[in-house]
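Residue numbers for the sequence shown follow the numbering used here, so the first one is 71 and each next one is one higher. Where is the CB? At the ideal position from N, CA and C, for every residue including glycine. In this text, all values refer to a predicted model and were calculated from it rather than measured experimentally.
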Amino acid sequence: MEYELSLKNKRVGVWLWIMVPAFILTFVLFAYLPNEIGIVPVLPLIIGYFTYLCWAFLEKRKQK
71 MEYELSLKNK RVGVWLWIMV PAFILTFVLF AYLPNEIGIV PVLPLIIGYF TYLCWAFLEK
131 RKQK
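And the structure:
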């Protein structure tokens with residue numbers, strides 16, 4: 071399967087729209103939260119990734 075890695079591809083655009091803010095929020099949380107909190111700064115990435123996967127699944131299902 072071949073993918074076009076440009077903003078013309080809807081999946082790439084949605085991934086960027088979801089994951090870029092998640093990356094920024096993760097870096098801010100790592101910078102300002104104490105180290106004892108552990109996984110909390112990584113939660114935006116996990117939630118963003120699963121949000122994208124759910125969207126991709128529903129989009130693929132809608133196309134069928």
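Sequence-distant residues of the same chain with beta carbon closer than 7 Å to residue i, five excluded per side
i, result
"residue 78", "none"
"residue 111", "96, 99, 100, 103"
Contacts around residue i, its chain only, beta-carbon distance under 6 Å, and the 5 residues preceding and following it disregarded
i, result
"residue 83", "77"
**Study point:** Validate contact between the segment 111–126 and the segment 90–102 using beta carbons, cut 8 Å, 3 pairs
**Key:** Short answer: they touch.
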